[in-house]
Amino acid sequence: MSLDAAALVALDRAHLWRPYTSHEDHRNRPLLVVRAAEGCWLIGDDGRRYLDGNASWWVSALGHRHPRLVRAMRDQLDRLDHCALAGLTHEGAVRLAAELCSTAPAGLTRVFYSDDGSTAVEVALKIAVQSFAQNGEPERRRIVALAGAYHGDTAGAVSVGGIETFRRPYGPLLFEALRPPDPEHGEQGWERAVAWIEDELARSGASIAAVLVEPVVQGAAGMRIWPPRLLVRLREATRRAGSLLIADEVFTGFGRTGPMWACEHAGITPDLLCTAKALGGGMIPFAATLATETLYARFEGGLDRALFHGHSYCGNPIGCALALETLAVLREERVLEHARTKAARLAAGFDRLRRLPAVRRTRAIGMVAAADLGDGGYRGRLGWTVYERALERGAYLRPLGDTIYVAPALNISEPDLERLISIVHDAVGTL
Ligand SMILES: *Cc1c(COP(=O)(O)O)cnc(C)c1O
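Okay, structure coming up:
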């Protein structure tokens, strides 16, 4: 028996506590009840179909219920649902680790599994700090993190986050990170931030464990795109200082920005790479932190030198099966290759948005495009107006404050992509 939409919404308002949502909005904002999903479409209880403009918060890179992913999940369920990775192993965890290492930038040879993007980042931070603490450099423990950065919502991940709205209530729980000036918009700002980090590494590198970045695109900051050549400079500067470079590819990985990993734009290998979101096939939370053999070797020895981190579900067989099948589909359906022409259309579509009076700036890379409508940042409301207008026109476009963006499934059809772009134009045009 299923509840009708009105009953569902009433119960939702009575019992759910929603992410990133004020109680006011929870009470008053219309809630769309989703009954099903297929490919790039969400199917509402109202019988209408909505284009999923952000791949359901950046996870369903191959659309909803891709038949091969559904089959892989079912097949896995028929054999092994779960087993702990403590003293046990299973084929999926092993094969996936080997495959991730072979697709990742050369030199990443070890895989540590966890649950989601936030934990993948926590793991990277712990590896970084412990690796120095137990190898004669206990003072090397500071982390450089960028303004605008988003690395997840657990306390460690928020500590290295750079969006004030997400940090303000939790000050007492957070550790201090080193922060260069906010790059804001434009290459000059990014040049300044990177030069600041280079100076800091040259001056006090011996106290810096790692520099943490979202390579080439800062997602939650409003899809801020920065030049790959600056990532090359960060790689060189961290290496000179003996500090680590951590690439958070939770959003940018799996072809979102064009190549499989955003680090490939710069041709660099980070010391640690975090992946999640698309890794779980858009179906279940699943994450991994990749590391170099050098880092793995710094934990050589007995139990007192082991990495003390683990989650109940780490290396979950269903997650592994979904990740392996996602990699196979990307390869066999040549998804990234086909996404190239669509990326060009998307960029052109957002470029044209600049003619509209409400639009301040636009930008695009790979299958991501964004437009700034005001300067209210994350707390701005203009994006929400566009969100409502787009919903009326059949697209789900959750904004980042005054920034609207699309990040659809990589395998969206060309007609669906054109439709999404035209809904964005119409919705922004009403402002
Ligand atoms: C979403 C995101 C995270 C956090 O991932 P969760 O799965 O939500 O914990 C971390 N880093 C980046 C870059 C992200 O976009």
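For the sequence shown, this note's numbering begins at 9 and goes up steadily by one. Cβ coordinates follow ideal geometry from the N, Cα and C atoms, glycine included. Quick caveat: nothing in here was measured; it's all calculated off a predicted structure.
Three-pair Cβ contact test at 8 Å for the stretch 243 to 262 versus the stretch 276 to 290:
Judged by Cβ distances under 8 Å, the stretch 243 to 262 makes contact with the stretch 276 to 290, as three or more pairs qualify.
When you compare each of Ser430, Ala417 and Trp204 to Gly47 by their alpha carbons, which one comes out closest?
Gly47 has its Cα closest to that of Ala417, out of Ser430, Ala417 and Trp204.
From the DSSP output, in three-state form, read off Cys48 for me.
Three-state result, Cys48: coil.
Rounded to whole angstroms, what's the CA-CA distance from Asp383 to Thr302? Just pull it up for me.
Computed Cα separation, rounded: 44 Å.
Any idea which residues DSSP pairs Tyr158 with across the strands?
In the DSSP output, where bridge partners are listed per residue, Tyr158 has none listed.
Cα separation between Ala314 and Gly144?
If I take the Cα positions, the gap works out to 16 Å.
Tell me where the beta strand (DSSP E) around Asp380 begins and ends.
Run containing Asp380: Val376 to Asp380, per the beta strand (DSSP E) assignment.
Inter-residue spacing [alpha-carbon to alpha-carbon] between Ile171 and Asp86
When the Cα atoms are used, Ile171 and Asp86 turn out to be separated by approximately 43 Å.
Confirm the yes/no value for this check: CB of His159, any heavy atom of ligand 1, distance under 8 Å.
A heavy atom of ligand 1 is found nearer than 8 Å to the CB of His159.
Is it true that the stretch 235 to 242 meets the stretch 190 to 204, where meeting means three or more beta-carbon pairs spaced less than 8 Å apart?
By the Cβ criterion, the stretch 235 to 242 is in contact with the stretch 190 to 204, since at least three pairs of Cβ atoms, one from each stretch, lie closer than 8 Å.
Counting along the chain, where does the alpha helix (DSSP H) carrying Ile254 start and finish?
Here Ile254 belongs to no alpha helix (DSSP H); instead the beta strand (DSSP E) covers Leu252 to Asp256.
Give me the residue from Ala284, His31, Tyr158 and Arg306 with the minimum Cα distance to Lys134.
With respect to the C-alpha of Lys134, the residue from Ala284, His31, Tyr158 and Arg306 having the closest C-alpha is Arg306.
Can you find the residues in the same chain that come closer than 7 Å, C-beta to C-beta, to Leu242, ignoring five residues on each side of it along the sequence?
Close CB contacts of Leu242 within its chain, under the 7 Å cut and outside five residues either way in sequence, are with Val202, Ile205, Val219, Val221 and Leu253 (chain order).
Would you mind working out which of Ala210, Ser30 and Tyr158 sits nearest Ala249, comparing C-alpha positions?
Of Ala210, Ser30 and Tyr158, the residue nearest in Cα terms is Ala210.
What residues in its chain sit with their C-beta under 6 Å from that of Ala329, if we drop five residues either side in the sequence?
Only Ala80, Gln84 and Gly100 meet the Cβ criterion.
Return the bridge partner residues of Ser126 from the DSSP annotation.
Per DSSP, Ser126 has no beta bridge partner at all.
Who are the Cβ neighbours of Ala453 in its own chain at under 6 Å, not counting the five residues just before and after it?
What the structure shows of the chain is the stretch from 9 to 439, and residue 453 is not part of that stretch, so it cannot be assessed.
Look at the alpha carbon of Gly309 and the alpha carbon of Gln142, and state the distance between them as a whole number of angstroms.
Straight-line measurement puts the Cα of Gln142 at about 11 Å from the Cα of Gly309.
Unbroken stretches of the beta strand (DSSP E), 3 residues or longer, contained in the stretch 87 to 133:
Runs of the beta strand (DSSP E) inside the stretch 87 to 133: 116 to 122.
Expected contact under 8 Å - CB spacing of Gly374 and Gly388 to nearest Å:
A Cβ-Cβ separation of about 25 Å leaves Gly374 out of contact with Gly388 under the 8 Å criterion.
Taking 8 Å as the cut-off, is the C-beta of Glu222 nearer than that to any heavy atom in ligand 1?
Checking the Cβ of Glu222 against ligand 1 gives yes.
In whole angstroms, what separates the C-alpha of Ile429 from that of Leu40?
Rounded to whole angstroms, Ile429 and Leu40 show a C-alpha spacing of 21 Å.
For Val219, list the residues DSSP reports as bridge partners.
Partner(s): Val152 and Leu253.
With DSSP as the reference, identify every bridge partner of Val337, one or two as the case may be.
According to DSSP, which records beta bridges pairwise, Val337 is partnered with nothing at all.
Mind checking which residues open and close the alpha helix (DSSP H) that includes Tyr304?
Residues Glu301 to Ala305.
For a test of your reading of the model: does the CB of Gly156 fall under 8 Å from any non-hydrogen atom of ligand 1? Yes or no.
Because no heavy atom of ligand 1 lies under 8 Å away, the Cβ of Gly156 does not count as near it: no.
Give the DSSP bridge partners of Gln226, in chain order.
For Gln226, which the question treats as bridged, DSSP gives the partners Arg232.
Can you confirm whether Ala157, when its beta carbon is compared against all beta carbons of chain C, has any partner nearer than 9 Å?
No chain C appears in the structure shown, which is made up of a single protein chain.
Quick one: does the C-beta of Val258 sit closer than 8 Å to a heavy atom of ligand 1?
For ligand 1, at least one heavy atom lies less than 8 Å from the Cβ of Val258.
Near Arg369, what residues of its chain come up, given a Cβ to Cβ distance below 6 Å and the 5 sequence neighbours on each side ignored?
Excluding the 5 residues flanking it on each side, Arg369 has same chain C-beta neighbours closer than 6 Å at Asp380, in chain order.
Near ligand 1: Thr334 beta-carbon under 8 Å from a heavy atom:
With a threshold of 8 Å, the Cβ atom of Thr334 does not count as near ligand 1, since no heavy atom of the ligand is closer than that.
When the Cα of Asp12 is compared with those of Asp54, Pro38 and Trp25, which residue comes out closest?
Asp12 has its Cα closest to that of Asp54, out of Asp54, Pro38 and Trp25.
Could you name the residues that DSSP lists as bridge partners for Val432?
When DSSP reads this structure, Val432 sits in no beta bridge, so it has no partner.
Hey, how far is the Cα of Leu390 from the Cα of Leu364?
The C-alpha of Leu364 is placed about 14 Å away from the C-alpha of Leu390.
Residues in its own chain within less than 6 Å of Gly357 by CB, not counting five upstream and five downstream?
Answer for Gly357: Ile429, listed in chain order.
Have a look at Ala106, Arg175 and Lys285 and flag the residue whose alpha-carbon is nearest the alpha-carbon of Tyr28.
Here the closest residue by C-alpha is Arg175.
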